[in-house]
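Listed in order, the protein sequences are those of chains H and W. In short: position in the first sequence from 1, add 79, done, that's our numbering. In short: position in the second sequence from 1, add 15, done, that's our numbering. All C-beta atoms, glycine included, are put in the ideal place defined by N, C-alpha and C.
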Amino acid sequence: MRKKLLLLQAFFKKEFILFRRYFHNSIGGMITLYIIFLLMVGGFQGMRALTGLGGDTLEGLVVGYVLWLFMLTTYQDVWYTLRSEAQEGTLEQLYMSAHGFGWVIGAKVAAGFFTNLIMVAVLLAAALLTTGVTVNLDLLSLLPLVIGTLLGSAGIGFAIGGITLVLKRIDSYTQMVQFLLIALVAAPAGRVVWMRFLPCSYGSALINRVMVGGQNLTQIGLGNVAALFLVGLGHLLAGYAVYKACERKAMIQGTLGHY
Amino acid sequence: MIKVESLEKIYPGRKGQAAVKAVDRISFEVQEGELLGFLGPNGAGKTTTVKMLCGLIRPNSGRIFINGIDLIQRRIAALQEVSAVLEGNRNIYWRLTAQENLEFFAAIRGLKPSGISSDIDYYLELFNLTEKRNVEARKLSRGMQQKLAIAVALISQSKVVLLDEPTLGLDVQASYEIRQLLKGNVKEQGRTVILTTHDMNVVQDTCQRVIIVNEGRIAANDSVDNLMDLFKVKVYRINVQGGLTAEQREALLGMEEAVIEEETSARTSISVRLEESQVLYRVIGILESGQSLIESIDQEQNNFERVFLQILEGGPQGA
Numbered sequence: 080m081r082k083k084l085l086l087l088q089a090f091f092k093k094e095f096i097l098f099r100r101y102f103h104n105s106i107g108g109m110i111t112l113y114i115i116f117l118l119m120v121g122g123f124q125g126m127r128a129l130t131g132l133g134g135d136t137l138e139g140l141v142v143g144y145v146l147w148l149f150m151l152t153t154y155q156d157v158w159y160t161l162r163s164e165a166q167e168g169t170l171e172q173l174y175m176s177a178h179g180f181g182w183v184i185g186a187k188v189a190a191g192f193f194t195n196l197i198m199v200a201v202l203l204a205a206a207l208l209t210t211g212v213t214v215n216l217d218l219l220s221l222l223p224l225v226i227g228t229l230l231g232s233a234g235i236g237f238a239i240g241g242i243t244l245v246l247k248r249i250d251s252y253t254q255m256v257q258f259l260l261i262a263l264v265a266a267p268a269g270r271v272v273w274m275r276f277l278p279c280s281y282g283s284a285l286i287n288r289v290m291v292g293g294q295n296l297t298q299i300g301l302g303n304v305a306a307l308f309l310v311g312l313g314h315l316l317a318g319y320a321v322y323k324a325c326e327r328k329a330m331i332q333g334t335l336g337h338y
Numbered sequence: 016m017i018k019v020e021s022l023e024k025i026y027p028g029r030k031g032q033a034a035v036k037a038v039d040r041i042s043f044e045v046q047e048g049e050l051l052g053f054l055g056p057n058g059a060g061k062t063t064t065v066k067m068l069c070g071l072i073r074p075n076s077g078r079i080f081i082n083g084i085d086l087i088q089r090r091i092a093a094l095q096e097v098s099a100v101l102e103g104n105r106n107i108y109w110r111l112t113a114q115e116n117l118e119f120f121a122a123i124r125g126l127k128p129s130g131i132s133s134d135i136d137y138y139l140e141l142f143n144l145t146e147k148r149n150v151e152a153r154k155l156s157r158g159m160q161q162k163l164a165i166a167v168a169l170i171s172q173s174k175v176v177l178l179d180e181p182t183l184g185l186d187v188q189a190s191y192e193i194r195q196l197l198k199g200n201v202k203e204q205g206r207t208v209i210l211t212t213h214d215m216n217v218v219q220d221t222c223q224r225v226i227i228v229n230e231g232r233i234a235a236n237d238s239v240d241n242l243m244d245l246f247k248v249k250v251y252r253i254n255v256q257g258g259l260t261a262e263q264r265e266a267l268l269g270m271e272e273a274v275i276e277e278e279t280s281a282r283t284s285i286s287v288r289l290e291e292s293q294v295l296y297r298v299i300g301i302l303e304s305g306q307s308l309i310e311s312i313d314q315e316q317n318n319f320e321r322v323f324l325q326i327l328e329g330g331p332q333g334a
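Put into structure tokens, the structure is as follows:
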């Protein structure tokens, strides 16, 4: 366990160092995301008509956008890590870790979660200040729902990361996933039961009930939260299974560290 | 320390191409504290073998034991004892400093940064990187990056270190420094090192034993000294003034042991492989018959590059 904590600590430190060292780049990225948000708010009516994102209210748009961002960064933490480590030549070193690669990527995602949390919190604050809307920020209720939701996007990240290990250079296709994530956030899983089995969709609906509807975890019900986690874990395990199958193929082909 | 039994790797054919047998049932052992050169031409199966030893490529059949642990059955346990430099200067994070790289990779290998701070100082000092400890790796020269990649492999305190082309692309000075570091560190810490390289100077300078692979099979497995003795052939280079007569040229071309290396109107150079003493007298006789003036007769040094090439060409038997 001590070694696992060391691993987590190492990734936290690396994330922090790179954030601090490339501070202007990090801030630049956040400003870009904020500008995108402003454009979305500007074209709110059009966006709503086009995608249904966020339901009927500006509050819904803010929540949908921020949740999409969180899902996107979590997905990228898995997929982009695999891609960039292979590209930089360090993936094979991580595979030779004393912990096993599953733990390594898990630590990377956990460290990334907190970095992403800070970024999302700043953007949420900026979004709320800009639009003047208010949302219910019941953190105790939101935290488990957010984690349950992000399990699905991590699962997608593993699946796409695994496919990247085998096929290589599929960036143009992987970019499409961000649009898939918009669709998953916007899916009306609260009303349409089968959509609750889609990755992230049910979590998005439950988070909307807290942030926009003003409900808390008790009102949502433990059964719904448990269902969210079961579906999320299912997607995570399915994504990981795809990843392991692809990893095995890459090891047979001898292309694990190639990009 | 390392035992390889009947290791075989066949890459599946892609896009209608035939499958490629990269490693063909090779077996060998490496003792603790040994520095082994693993050599062969491009495509001979060196990197595939090294990556199988790292658990990064799955063999079709055969077994690998690291310190008695079956690598294929117990990958993570076996890899506790293995570190590697596989991509030269690409094995490090370019946006982290030298010290941060060492700390990060030590933690990845399960070592607490505070517990190895003296080791970090030691390796930075050993590799002449102390002054660059806070410099991002991307700003270091290629030689320094390569040294840092090796330091990262060594900091893990693993008993086995695999180095794939550690001096590739380096200038003479940097290559020499890395050779000295390897020799010193292996001797001092008793590590087991497998080194692949195309640089025969590195082999001659650092390795106790070499395995030469060709087309996936082991062509030679012996100590550097034994191979040098086995392929010991005296070669003389005879330089004469001016060119040769047609008769001289014809006579020399008829001798297997003599090769006209260079012929101009000013100078002719002939190399003679001396397998029996009469050969040299016969060549001198041919030169004398045409009244050629001999400028010099030099004995050429036998080197490992020549030995390597002869093994790949298939001689002498039993290497």
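query: C-beta atoms of H:Lys93 and H:His178 nearer than 8 Å; result: no
query: Cα-Cα separation between H:Asn287 and W:Arg73, rounded to whole angstroms; result: 47 Å
query: Outcome for W:Pro181 when other beta-carbon atoms lying within 10 angstroms are tallied against a minimum of 16; result: buried
query: Exposure label - H:His103; buried when at least 16 CB within 10 Å; result: exposed
query: Under 8 Å (Cβ pairs) to chain W, residues found in the stretch 94-108 of chain H; result: Ile96, Leu97, Arg100, Tyr101
query: Against chain H: residues of the stretch 112-129 of chain W by CB proximity under 9 Å; result: Thr112, Glu115, Glu118, Phe119, Phe120, Ala121, Ala122, Ile123, Arg124, Gly125, Leu126, Lys127, Pro128
query: Spatial distance of W:Val255 from W:Glu192 (CA atoms); result: 40 Å
query: At least 3 beta-carbon pairs within less than 8 Å: the stretch 99-112 of chain W vs the stretch 129-142 of chain W; result: no
query: Helix, strand or coil at W:Tyr26 according to DSSP, with G and I counted as helix; result: strand
query: Short Cβ contact (8 Å threshold) for W:Leu110 with H:Leu97; result: Sequence check: residue 110 of chain W is Arg here, not Leu. Taking 8 Å as the Cβ cut-off, W:Arg110 and H:Leu97 qualify as a contacting pair.
query: Alpha carbon of W:Gly55 to alpha carbon of W:Leu324, nearest angstrom; result: 10 Å
query: Interface partners of W:Arg153 on chain H, CB under 9 Å; result: Correct list: empty, because the minimum Cβ distance to chain H is about 11 Å.
query: CB contact check: H:Ala190 to chain W, cutoff 8 Å; result: no
query: Stretch pair the stretch 196-209 of chain W + the stretch 160-177 of chain W: three plus CB contacts closer than 8 Å; result: yes
query: Spatial distance of H:Gly133 from H:Tyr144 (CA atoms); result: Residue placement at H:Gly133 is flagged as unreliable, the pLDDT there being 47, under the threshold of 50; the coordinate-derived value follows with that caveat. Cα to Cα, H:Gly133 sits roughly 8 Å from H:Tyr144.
query: Within 8 Å, strictly: CB atoms of H:Leu307 and H:Gly282; result: yes
query: Cα-Cα separation between W:Arg29 and H:Gln332, rounded to whole angstroms; result: 9 Å
query: Per-residue burial, W:Ser304 [other beta carbons within 10 Å of its own, 16 or more giving buried]; result: exposed
query: Closest by C-alpha distance to W:Ile25, when choosing among W:Gly199, W:Gly231, W:Gln314; result: W:Gly231
query: Bridge partner(s) assigned by DSSP for W:Phe80; result: W:Lys18, W:Asp85
query: Minimum Cβ-Cβ distance from W:Asn82 to chain H less than 8 Å; result: no
query: Sub-8 Å separation of H:Val289 and H:Leu224 beta-carbons; result: yes
query: Given W:Arg124 as reference, the closest of H:Asn195, H:Met119, H:Leu84 once Cα atoms are compared; result: H:Leu84
query: is_contact[H:Gly292, chain W] using C-beta, thresh 8 Å; result: no
query: H:Gly133, DSSP secondary structure in three states; result: Note that H:Gly133 scores 47 on pLDDT, short of 50, meaning its location in the model is unreliable and no value can be drawn from it.
query: Partner residues on chain H for W:Thr63, Cβ-Cβ distance less than 8 Å; result: Gly333
query: Residue span of the alpha helix (DSSP H) that contains H:Tyr101, given as start and end; result: Note, H:Tyr101: premise wrong, no alpha helix (DSSP H); not H, not E.
query: Secondary structure of W:Asp186, DSSP reduced to three states; result: coil
query: Close Cβ partners of W:Leu185 (< 8 Å) along its chain, the five nearest in sequence each way excluded; result: Arg157, Gly158, Gln161, Ile193
query: For W:Asn336, the residue or residues it bridges with in DSSP; result: For chain W, the structure presents residues 16 to 334; residue 336 of chain W sits outside this window and is missing.
query: Within-8 Å CB hit, W:Arg232 to chain H; result: no
query: H:Val264 in three-state terms, based on DSSP; result: helix
query: Residue interval of the alpha helix (DSSP H) (run including W:Phe119); result: 113-123
query: Buried versus exposed call for H:Leu218 [16 or more other C-beta atoms within 10 Å across all chains shown]; result: exposed
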